[in-house]
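Chains as they are written, first to last, in our numbering: chain A, 1 to 342; chain B, 1001 to 1342.
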């Protein structure tokens, strides 16, 4: 079968996905038996291009790079509500690569619901929708007989959710501790080197790791949404943002960092989940980690999650937590997982 | 469907697998839809027990713990060639938990071939057979329309092969560096603490990490077989033991370890694979790793592999590399993977 793919959102990640699909077309078909046809790409700002015969990924990347718009391409059309687009150009897998709003989960939540309602499986790298209502989305997908995957919503393409789903099958996850925000880990690594918080933030902003308004990262909101996703995925437990015991890194001083170092530890912003009797407790807070702990030596913008399991004890995965190609890889692996019929 | 399982080899790992199957029966059925019937267990020394109606895992564990033999159990029978046993009591999945002979690959190689010839899928934690002829075993399995899985042959249950097969699908592996032998890593960690090689080996032997004849570990043979498996799995390249550039840790002095430390590094026995033009080069050798590298801080008997990939850059997995339950978990996840029909 040839999988018909549609893409919503054409920022760096969406464009990265189109590029990856173009580069790897032959490899994917040969190695995984995954044949695809990219049938539409739509973006609120950059426009819409659609063709039931399939679009050329290379041409889309070129249009985005050269003109920042899909408007002059063959197959270009006016933007339309997603349901209309899906009805005119149905797809088997809808990729959502839109930015996240933590509070409403939109536009991701609506995009995923609409895609599933049309009979398409959905993959997303957006934290908003799955963080807010993963159980609801899974229920919709199950009713419609389609799949939903969201690997890239936590560690970009570094496998975590699919690692637990597949290769760790049989294990019960008992505890989670993770470095799931690269911006704060970069700032903490700079502070280890002697810089104070304000300087480190400024440098992170200069390098593009931190946004102009860094609140979402430095106050731990980004990590907290990821705790919500992991709590639903690993513990079957719905936590809302308000349930997360959240403390960011803004109150940390160079003295705190130095104190930890002299104790043979290193401060990390840890996103954690623990069982607490029958319930599940999620938190985001700076923790002085023993240097022997695998998370202690994860530096810079790198992410990592340590899973405590019943059968294996601790298993830690370390990898990138952001990037266009990295996030696109997560979306791609989700599509391959869906196509494998698992 | 109810998967009929047979087990060959009832040492610590085989017994661990039977125990795990017994403990997790309900969980596996509820969470993964995996229902099974353990139809025979056979061991060269401990005897054979078989029943087409299924054996009770708890009773087998009890017999092994209390009597070290299956001889008094209901369903006990004389040992017989595996082909005969499989013909009388056919199974859907054969688990091989026999010890490894690096040179001949036996008895694992013959067990896997016989199982596949009978129409059963096969899972193994034994390095011998898959290290020697993975391509041949895969070809046999493909011709017979069955599966073969061998996750536990490299890092016990810590996912590596299934991580690349599933969650990292879409990535090309460009380079591998791993700590794949817990005994030598334990010895190196002790030497870091100031002990010399002979002392460290003695302590590792006292704790049961090293065997009385430690050659297989300390000369790098164990790691070299694992390089053969990874080279076939990740690069599609058949390397024999003789192809591996192998150097163990026996020639390392306390001075070498101290020198590395004063250079801001740590010596690890690295099992590595690199592309070299069109060909693939495998090695096992002590390498002074920069402290910032994720493998540098992996201490004691823990294992880890760092995979350099095209889409994600470096991804590292850290976890146990041995243990009865840990290895059994790898066999279990392989069975669940086969049952998922992937």
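Cβ atoms here follow ideal geometry from the backbone N, Cα and C, with glycine treated the same way.
* To do: Sort B/1007, B/1170, B/1211 by Cα distance to residue 1115 of chain B and report the nearest one.
  => Counted from its first residue, the second chain places residue 1115 of chain B at position 115. The shortest C-alpha separation from residue 1115 of chain B is found at B/1007.
* My guess is that residue 315 of chain A and residue 1158 of chain B are in contact by the Cβ rule of under 8 Å, so how many angstroms apart are they, rounded? -> One-based indexing of the first chain puts residue 315 of chain A at position 315. One-based indexing of the second chain puts residue 1158 of chain B at position 158. With a Cβ gap of about 6 Å, residue 315 of chain A and residue 1158 of chain B count as contacting.
* C-alpha distance - residue 1249 of chain B paired with residue 1224 of chain B, whole-angstrom precision -> Taking the second chain and counting its residues from 1, one reaches residue 1249 of chain B at position 249. Taking the second chain and counting its residues from 1, one reaches residue 1224 of chain B at position 224. Cα to Cα, residue 1249 of chain B sits roughly 13 Å from residue 1224 of chain B.
* Along chain A, which residues have their Cβ under 7 Å away from the Cβ of residue 1329 of chain B? -> The residue given as residue 1329 of chain B occupies position 329 in the second chain. Correct list: 170, 171, 311, 312.
* Please report how far the alpha carbon of residue 1138 of chain B lies from the alpha carbon of residue 1334 of chain B, in whole angstroms. => As a first step, residue 1138 of chain B must be located in the second chain, where it is residue number 138. As a first step, residue 1334 of chain B must be located in the second chain, where it is residue number 334. One C-alpha to the other measures close to 15 Å.
* **8 Å Cβ cutoff met for residue 1048 of chain B and residue 1078 of chain B** => Against the second chain, residue 1048 of chain B aligns to sequence position 48. Against the second chain, residue 1078 of chain B aligns to sequence position 78. Result yes, Cβ atoms of residue 1048 of chain B and residue 1078 of chain B sit closer than 8 Å.
* **Selection from A/228, A/179, A/44, A/339 that minimises the alpha carbon distance to residue 294 of chain A** => For the purposes of this step, residue 294 of chain A is taken as residue 294 along the first chain, with counting starting at 1. When each option's Cα is compared against that of residue 294 of chain A, the closest is A/179.
* Within its chain, find whatever has a CB closer than 6 Å to the CB of residue 1326 of chain B; leave out the 5 residues flanking it on each side and keep chain order. => Taking the second chain and counting its residues from 1, one reaches residue 1326 of chain B at position 326. For residue 1326 of chain B, where only same-chain residues beyond five positions count, the Cβ hits under 6 Å are 1156, 1157, 1320.
* Three-state class that DSSP yields for residue 307 of chain A in the structure shown -> The sequence position of residue 307 of chain A within the first chain is 307, counting from 1. Note: residue 307 of chain A maps to strand in three-state DSSP.
* Asked: Is DSSP giving residue 1059 of chain B helix, strand or coil here?
  -> Against the second chain, residue 1059 of chain B aligns to sequence position 59. Three-state result, residue 1059 of chain B: helix.
* To do: Going by CA-CA distance only, name the one from B/1057, B/1023, B/1019 that's closest to residue 1037 of chain B.
  => Translated into the one-based positions of the second chain, residue 1037 of chain B becomes position 37. Comparing Cα positions, the closest option is B/1057.
* To do: Have a look at B/1061, B/1229, B/1265 and flag the residue whose alpha-carbon is nearest the alpha-carbon of residue 1272 of chain B.
  => The sequence position of residue 1272 of chain B within the second chain is 272, counting from 1. With distances taken between Cα atoms, residue 1272 of chain B lies closest to B/1229.
* Asked: Helix, strand or coil for residue 70 of chain A per DSSP?
  -> Translated into positions along the first chain, residue 70 of chain A becomes position 70. In the structure shown, residue 70 of chain A sits in coil (DSSP, three-state: anything other than H, G, I, E or B).
* Could you give the distance in angstroms between the alpha-carbon of residue 73 of chain A and the alpha-carbon of residue 60 of chain A? -> Position 73 of the first chain, counting from 1, holds the residue named residue 73 of chain A. Position 60 of the first chain, counting from 1, holds the residue named residue 60 of chain A. If you take the alpha carbons of residue 73 of chain A and residue 60 of chain A, they lie about 8 Å apart.
* To do: Take every Cβ of the segment 1002 to 1022 of chain B, pair it with every Cβ of the segment 1088 to 1099 of chain B, and state whether three or more of those distances are shorter than 8 Å.
  => yes
* Asked: Straight-line CA distance for residue 75 of chain A to residue 46 of chain A?
  -> As a first step, residue 75 of chain A must be located in the first chain, where it is residue number 75. As a first step, residue 46 of chain A must be located in the first chain, where it is residue number 46. Roughly 14 Å separates the two Cα atoms.
* Asked: Do the segment 1171 to 1185 of chain B and the segment 1304 to 1311 of chain B make contact, defined as three or more Cβ pairs closer than 8 Å?
  -> yes
* Asked: Taking contact to mean at least 3 C-beta pairs separated by less than 8 Å, is the segment 279 to 295 of chain A in contact with the segment 190 to 198 of chain A?
  -> no
* **8 Å contact criterion, which residue 1341 of chain B and residue 341 of chain A should meet: CB distance rounded** => Position 341 of the second chain, counted from the start, is the residue given in the question as residue 1341 of chain B. Position 341 of the first chain, counted from the start, is the residue given in the question as residue 341 of chain A. About 7 Å; that satisfies the 8 Å criterion.
* **Stretch-stretch touch, CB-based, cutoff 8 Å, three pairs: the segment 1243 to 1262 of chain B with the segment 1208 to 1224 of chain B** => yes
* **Spatial distance of residue 214 of chain A from residue 330 of chain A (CA atoms)** => The residue you call residue 214 of chain A lines up with position 214 of the first chain. The residue you call residue 330 of chain A lines up with position 330 of the first chain. The alpha-carbon atoms of residue 214 of chain A and residue 330 of chain A are separated by roughly 25 Å.
* Asked: According to DSSP, is residue 1134 of chain B helix, strand or coil?
  -> For this step, residue 1134 of chain B is matched to residue 134 along the second chain. Reduced to three states, the DSSP call for residue 1134 of chain B is helix.
* Among A/142, A/239, A/265, A/263, which one has its Cα closest to the Cα of residue 121 of chain A? -> Here residue 121 of chain A is taken as the residue at index 121 of the first chain, counted from 1. Measuring from the Cα of residue 121 of chain A, the nearest candidate turns out to be A/142.
* residue 162 of chain A CB to nearest chain B CB: under 8 Å? -> Taking the first chain and counting its residues from 1, the one referred to as residue 162 of chain A is at position 162. Taking Cβ atoms only, chain B reaches closer than 8 Å to residue 162 of chain A, which makes this a yes.
* Assigned exposure category for residue 1052 of chain B - 16 Cβ within 10 Å defines buried -> Position 52 of the second chain, counting from 1, holds the residue named residue 1052 of chain B. Under this definition residue 1052 of chain B is an exposed residue.
* To do: Give a yes or no on whether 8 Å exceeds the smallest Cβ distance from residue 1337 of chain B to chain A.
  => Working through the second chain from its first residue, we reach residue 1337 of chain B at position 337. Answer yes: the Cβ-Cβ gap between residue 1337 of chain B and chain A drops below 8 Å somewhere.
* Select from the segment 1268 to 1282 of chain B all residues with a C-beta closer than 8 Å to any C-beta belonging to chain A, and list them in chain order. => none
* Is the beta carbon of residue 129 of chain A sitting closer than 8 Å to the one on residue 112 of chain A? -> Taking the first residue of the first chain as 1, we reach residue 129 of chain A at position 129. Taking the first residue of the first chain as 1, we reach residue 112 of chain A at position 112. Result yes, Cβ atoms of residue 129 of chain A and residue 112 of chain A sit closer than 8 Å.
* Check whether the Cβ of residue 59 of chain A lies closer than 8 Å to any Cβ atom in chain B. => On the first chain, position 59 is the one that residue 59 of chain A refers to. No, residue 59 of chain A does not count as interfacial toward chain B.
* Buried versus exposed, by CB contacts within 10 Å (16 or more), residue 1087 of chain B -> The count along the second chain starts at 1 and reaches residue 1087 of chain B at position 87. Exposed.
* Asked: Using a C-beta cutoff of 8 Å, does residue 1099 of chain B count as contacting chain A?
  -> Residue mapping note: residue 1099 of chain B aligns to position 99 of the second chain, counting from 1. Residue 1099 of chain B does not count as touching chain A.
* Asked: Are at least three pairs of beta-carbons, each pair with one atom in the segment 205 to 214 of chain A and one in the segment 261 to 278 of chain A, less than 8 Å apart?
  -> no
* Asked: Since residue 243 of chain A and residue 282 of chain A are thought to touch, with beta carbons under 8 Å apart, how far apart are those beta carbons, to the nearest angstrom?
  -> In the first chain, the residue the question calls residue 243 of chain A occupies position 243. In the first chain, the residue the question calls residue 282 of chain A occupies position 282. 6 Å between Cβ atoms; contact.
* To do: Please go through the same chain and pick out, in chain order, the residues whose beta-carbon is closer than 7 Å to the beta-carbon of residue 188 of chain A, but skip the five residues on each side of it.
  => Here residue 188 of chain A refers to the residue found at position 188 when the first chain is read from its first residue. Hits under 7 Å: 249, 267, 268, 269.
* Residues that residue 1292 of chain B contacts on chain A, provided the C-beta gap is smaller than 7 Å -> Position 292 of the second chain, counted from the first residue, corresponds to residue 1292 of chain B. 299, listed in chain order.
* Asked: Where do the N-terminal and C-terminal ends of the alpha helix (DSSP H) with residue 1113 of chain B fall, by residue?
  -> Counting from one through the second chain, the residue named residue 1113 of chain B turns up at place 113. 1108 to 1117 is the extent of the alpha helix (DSSP H) around residue 1113 of chain B.
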